[in-house]
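For what it's worth, this note's numbering labels the leading residue of the sequence shown as 114, then goes sequentially.
Where is the CB? At the ideal position from N, CA and C, for every residue including glycine.
Keep in mind the model is a prediction, meaning the values are calculated, not measured.
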Amino acid sequence: MRDIVIFSGSAHRALAQRICGALGVELSPADIKRFSNDCLQAQLLANCRQRDVYVIQPLVPPTQEHLMELLLMIDAARGASAAQITAVIPHYAYARSDKKDASRISLGGRLVADMLVAAGADRVLTMTLHAPQVHGFFSVPVDHLTAIGVLADHFRGRDLDNSVVVSPDLGNAKTATQFARLLGLPVAAGSKQRLADDRVVIDDIVGDVEGKRAIVLDDEIATGGSIIELLEQLKDLGCTSADIACTHGLFAGKAVERLRDHPMIGEVVTTDTVPAPANWPELRVRTVAQLFAEAISRIHAGESVSSLFDGVDPTHAPPQATLFDKVHA
Numbered sequence: 114m115r116d117i118v119i120f121s122g123s124a125h126r127a128l129a130q131r132i133c134g135a136l137g138v139e140l141s142p143a144d145i146k147r148f149s150n151d152c153l154q155a156q157l158l159a160n161c162r163q164r165d166v167y168v169i170q171p172l173v174p175p176t177q178e179h180l181m182e183l184l185l186m187i188d189a190a191r192g193a194s195a196a197q198i199t200a201v202i203p204h205y206a207y208a209r210s211d212k213k214d215a216s217r218i219s220l221g222g223r224l225v226a227d228m229l230v231a232a233g234a235d236r237v238l239t240m241t242l243h244a245p246q247v248h249g250f251f252s253v254p255v256d257h258l259t260a261i262g263v264l265a266d267h268f269r270g271r272d273l274d275n276s277v278v279v280s281p282d283l284g285n286a287k288t289a290t291q292f293a294r295l296l297g298l299p300v301a302a303g304s305k306q307r308l309a310d311d312r313v314v315i316d317d318i319v320g321d322v323e324g325k326r327a328i329v330l331d332d333e334i335a336t337g338g339s340i341i342e343l344l345e346q347l348k349d350l351g352c353t354s355a356d357i358a359c360t361h362g363l364f365a366g367k368a369v370e371r372l373r374d375h376p377m378i379g380e381v382v383t384t385d386t387v388p389a390p391a392n393w394p395e396l397r398v399r400t401v402a403q404l405f406a407e408a409i410s411r412i413h414a415g416e417s418v419s420s421l422f423d424g425v426d427p428t429h430a431p432p433q434a435t436l437f438d439k440v441h442a
């Protein structure tokens, strides 16, 4: 079997180290240089010939720099005769640019997918895309992981009486429903209208939240605007308190101050798909390194990745028996 070789860009080396630790392999060295004309150069400092190469790089700020690093490292691996190159992108930031909702607007999600393939990526391993249709932007296989099992584990064993899972918007309600099932809780969802990147209006909550403690589940928190708006609605409807859970805790701008000091919030829990902010020691961070390590191991061995999520999320797990199977059982 081909050797596994894992490299990391500069976006989140700590996660790459944890993934390598879970796999029992060394993180191979790479050198990223910047020339006087501001151009980047990537050099992989380990043999890639006929190896199974994985490049770990979430697209976090400065996003364009980290994207260029990833493209250059993939290109370097292709030039070094790697047998297979997998771009491991725990947070695919351009997934938010997934639809033509205005005149003459770019589709960054599809463009970046094309760039990754053009650079030489044979497959992509990512987690919790902002919209499932982004999966279809890629012309190479995509293994799409979910963190809702990891986040649900954080709340298991607690007293969840009189609690409700709340999605900030109807688009995330399906995932929130599966998360609620894992915890045996009811679910509610906000009706959200986005006015700008950092401005939203939530004009209603679908579901019963009066007198209950909320567990708010979102895929990504950037500025925290949606969460603050949702909390105001929950408070007006008689919700007593809220814990916040998300996969990608970007916490840009004033998000840390907004959430850390909010009187309704008990705790905020996220994963380590992106680096945690340094000025928030109370933030609870659950690692997804073991999930990525297991997925890499299964890709390398030619085994099923979706079976990782049997009983967790049917979106990521094998489909149910078909009508043909039932007829011929």
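In this structure, how does DSSP classify H204 when only helix, strand and coil are distinguished? Here H204 sits in coil by DSSP.
Does DSSP put D227 in a helix, a strand or coil? Shown here, D227 sits in a helix according to DSSP, grouped into three states.
Do you know how far the Cα of L184 is from the Cα of A226? Linking A226 to L184 through their CA atoms gives a straight-line distance of about 11 angstroms.
Assign P175 to one of two classes, buried (16 or more other C-beta atoms within 10 Å of its C-beta) or exposed (fewer than that). By the neighbour-count criterion, in which a residue is buried when 16 or more other Cβ atoms sit within 10 angstroms of its Cβ, P175 is exposed.
Within 10 angstroms of its Cβ, does I318 collect 16 or more other Cβ (buried), or is it exposed? Per the 10 Å Cβ criterion, buried.
Between A200 and chain D, is there a C-beta pair that is closer than 7 angstroms? Of the protein chains in this structure there is only one, and it is not chain D.
With a cut-off of 8 angstroms on the beta carbons, I'd call L298 and S276 a contact; round off their distance for me. Correct: roughly 6 angstroms between the Cβ atoms.
Between the alpha carbons of R399 and G338, how many angstroms are there, rounded? Going by C-alpha positions, R399 is about 23 angstroms away from G338.
Should the stretch 253-268 be regarded as contacting the stretch 289-297, the criterion being three or more beta carbon pairs within less than 8 angstroms? Of all C-beta pairs linking the stretch 253-268 to the stretch 289-297, three or more are shorter than 8 angstroms, placing the two stretches in contact.
Taking the straight line between their C-alpha atoms, what separation do you get for I334 and H361? Approximately 6 angstroms between the Cα atoms of the pair.
Hey, which unbroken runs of the alpha helix (DSSP H) at 4 residues or more fall wholly within the stretch 287-368? Counting only runs of 4 or more, we get 338-349.
CB of H413 within 7 angstroms of CB of D165, strictly: Yes, the pair counts as a contact, with Cβ atoms nearer than the cut-off.
C-alpha distance - F364 paired with R373, whole-angstrom precision: Approximately 11 angstroms between the Cα atoms of the pair.
Do I119 and L140 have their beta-carbon atoms positioned less than 7 angstroms apart in this structure? Yes, these two residues count as a Cβ contact at 7 angstroms.
Can you tell me the Cβ-Cβ gap for D385 and V401, rounded? I've got them flagged as a contact below 8 angstroms. So it is a contact: roughly 6 angstroms between Cβ atoms.
Top-ranked residue by Cα proximity to D303, from L273, T336, L396 and L344: According to the sequence displayed, residue 303 carries Gly and not Asp. Considering only L273, T336, L396 and L344, the residue with the shortest C-alpha distance to G303 is L344.
Where do the ends of the alpha helix (DSSP H) carrying Q130 lie? Q130 -> alpha helix (DSSP H) spans R126 to L136.
Going by the beta-carbon positions, is the gap between L330 and A289 smaller than 7 angstroms? It is a contact, given that the beta carbons lie within the stated cut-off.
Residues of its chain near P171, where Cβ-Cβ distance is below 7 angstroms and the 5 sequence neighbours each way are ignored: Around P171: A124, H125, I202, P203, H204, T386 and V387.
Grab me the residues of V255's own chain with a C-beta within less than 6 angstroms of its C-beta, minus the 5 sequence neighbours each way, in chain order. Excluding sequence neighbours, V255 sits near V237 and H248.
Which residues does DSSP list as the beta-bridge partners of I378? DSSP output for I378 lists A355 as bridge partner(s).
Opening and closing residue of the alpha helix (DSSP H) in which F405 lies: Per DSSP, F405 belongs to the alpha helix (DSSP H) from A402 to A414.
Which residues mark the beginning and the end of the beta strand (DSSP E) in which F120 is found? Membership of F120 in the beta strand (DSSP E) is indicated by the continuous run I117 to S121.
Quick one: what does DSSP say Q170 is sitting in, helix, strand or coil? In the structure shown, Q170 adopts coil according to DSSP, grouped into three states.
From the DSSP output, read off the bridge partner residues of I145. BP columns for I145 point to A155.
Check whether the stretch 177-197 and the stretch 214-234 touch, using three or more Cβ-Cβ pairs below 8 angstroms as the test. Counting Cβ pairs under 8 angstroms, three or more are found: they touch.
Under a Cβ-count criterion, where at least 16 other Cβ atoms within 10 Å of its own Cβ denotes burial, should S219 be classed as buried or exposed? Counting other Cβ atoms within 10 Å of its Cβ, S219 stays below 16 and is therefore classed as exposed.
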